[in-house]
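Anchor point for the sequence shown: position 74 equals 544 in my numbering, and the numbering is continuous, going up by one each time. Yeah, the Cβ is synthetic: ideal placement off N, Cα and C, and Gly gets one too. Computed from a prediction, not measured in an experiment: that's the story for all the values here.
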Amino acid sequence: MQWKELLLMPSHPIARKGLIIFTLIFLAHFSAYNYFTVFFKQTAGFLEGQISALLLFFGIASVVGNVLAGYVGKYNVRYNFAISALLLAMAFLALSIWDFNWTTSAIFVFLWGTAAGMVPATINMWMHIHAPELTEKGSAFITFMFLILITIGSLVGGYVMDNFDGYVLMISMLLVASFAFFLIFTLARGLKNNERRAVK
471 MQWKELLLMP
481 SHPIARKGLI
491 IFTLIFLAHF
501 SAYNYFTVFF
511 KQTAGFLEGQ
521 ISALLLFFGI
531 ASVVGNVLAG
541 YVGKYNVRYN
551 FAISALLLAM
561 AFLALSIWDF
571 NWTTSAIFVF
581 LWGTAAGMVP
591 ATINMWMHIH
601 APELTEKGSA
611 FITFMFLILI
621 TIGSLVGGYV
631 MDNFDGYVLM
641 ISMLLVASFA
651 FFLIFTLARG
661 LKNNERRAVK
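See below:
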């Protein structure tokens, strides 16, 4: 695959909107998730067994999110992004301001996991619906973005944790997720599943 083919997807007007929203949501998720264990150990004071149980809840929730994305996406894939961004924002808000106990943490970790599970399916559905001619070539670009965002998220999360604390990390990612939610109803306003636009 040539570099110019790799750049076809971000040059597509509707595909580009999805990529921007995806980038913000996934960056918010991974910046916090890379320091999941550190956050709950240092900030909440949970034991390793409790954190492992939270990770199990997160994994189960991600499966639920994947299934939910497939169901909601049949009506409007844009709603998938909206639900994902909203759940992330709710989880990060709660984890940044509420007093911790394991039960409430598990609830919001489940919301977080559901949101995270929706994202990979949603970006692929978005491209399949709005830029079907780029689905095959665009898969390489999406994979590339996943790798880049994981790296950037690790750097961003690490910087915040090293220089501030877990609460600041959650508040920062709350702002990113909220901005993504805002763009869904501004940048991608009115976009429906049956709306397609050819690459120019």
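Worksheet entry | For H598, three-class secondary structure by DSSP | For the purposes of this step, residue 598 is identified with residue 128 of the sequence shown, where counting begins at 1. Three-state DSSP puts H598 in a helix.
Discussion item. I'd like to know if the stretch 586-594 and the stretch 527-540 are in contact, where contact means that at least 3 CB-CB pairs between them fall below 8 Å.
Written reply: yes
Discussion item. Can you tell me whether T513 is helix, strand or coil according to DSSP?
Written reply: Working through the sequence shown from its first residue, we reach residue 513 at position 43. Looking at T513 - three-state DSSP - the assignment turns out to be coil, as it is neither helix nor strand.
Worksheet item: Which residues in the same chain have their Cβ closer than 7 Å to the Cβ of V508, if we skip the five residues on either side of it in sequence?
Response: Along the sequence shown, read from residue 1 onward, the residue named residue 508 stands at position 38. Hits under 7 Å: M631.
Worksheet item: Just the Cα atoms here: how many angstroms apart are L645 and A559?
Response: Residue 645 sits at position 175 when you count from the first residue of the sequence shown. Residue 559 sits at position 89 when you count from the first residue of the sequence shown. The alpha-carbon atoms of L645 and A559 are separated by roughly 8 Å.
Discussion item. Our contact map puts R539 next to T605 with C-beta atoms below 8 Å; I'd like the distance itself, whole angstroms only.
Written reply: If you number the sequence shown from 1, residue 539 lands on position 69. If you number the sequence shown from 1, residue 605 lands on position 135. It is worth fixing the name first, because residue 539 is Ala in this sequence and not Arg. About 17 Å separates the two Cβ atoms, so there is no contact after all.
Discussion item. A485 and H600 - do their beta-carbons sit closer together than 9 Å?
Written reply: Position 130 of the sequence shown, counting from 1, holds the residue named residue 600. Position 15 of the sequence shown, counting from 1, holds the residue named residue 485. Against a cut-off of 9 Å, the Cβ pair of A485 and H600 comes out as a contact.
Discussion item. With a threshold of 8 Å on Cβ separation, who are the neighbours of L657 within its own chain once the five nearest residues in sequence on each side are excluded?
Written reply: As a position in the sequence shown, residue 657 is number 187, starting the count at 1. The residues are K487, I490 and I491.
Worksheet item: Just the Cα atoms here: how many angstroms apart are Y549 and G515?
Response: Mapped onto the sequence shown, residue 549 falls at position 79. Mapped onto the sequence shown, residue 515 falls at position 45. Rounded to whole angstroms, Y549 to G515 spans 36 Å at the Cα level.
Worksheet entry | For R486, three-class secondary structure by DSSP | Taking the sequence shown and counting its residues from 1, the one referred to as residue 486 is at position 16. It is helical.
Worksheet item: With a CB to CB cut of under 6 Å and the five nearest residues on each side skipped, what residues in its chain are close to L653?
Response: On the sequence shown, residue 653 is found 183 positions in, with the first residue counted as 1. If we look at L653 and ignore the five residues flanking it on each side, its Cβ neighbours are I491.
Worksheet item: Hey, how far is the Cα of Y637 from the Cα of I553?
Response: The residue you call residue 637 lines up with position 167 of the sequence shown. The residue you call residue 553 lines up with position 83 of the sequence shown. When rounded, the distance between both Cα atoms is 23 Å.
Worksheet entry | Inter-residue Cα distance where the pair is D455 and Y505 | What is shown of the chain runs 471 to 670, which leaves residue 455 out entirely.
Worksheet entry | L477, DSSP secondary structure in three states | Your numbering for residue 477 matches position 7 in the sequence shown. L477: coil per DSSP, three-state reduction.
Discussion item. At the level of alpha carbons, what is the spacing between F649 and S522?
Written reply: Within the sequence shown, the letter at position 179 stands for residue 649. Within the sequence shown, the letter at position 52 stands for residue 522. Using only the alpha carbons, I get a separation of about 31 Å.
Discussion item. At 3 residues or longer, what runs of the beta strand (DSSP E) sit wholly inside the stretch 585-655?
Written reply: none
Item to complete: Could you round the C-beta distance between A564 and F580 to whole angstroms and report it? I think they count as a contact, below 8 Å.
Response: Locating residue 564 in the sequence shown gives position 94, where the first residue counts as 1. Locating residue 580 in the sequence shown gives position 110, where the first residue counts as 1. About 11 Å separates the two Cβ atoms, so there is no contact after all.
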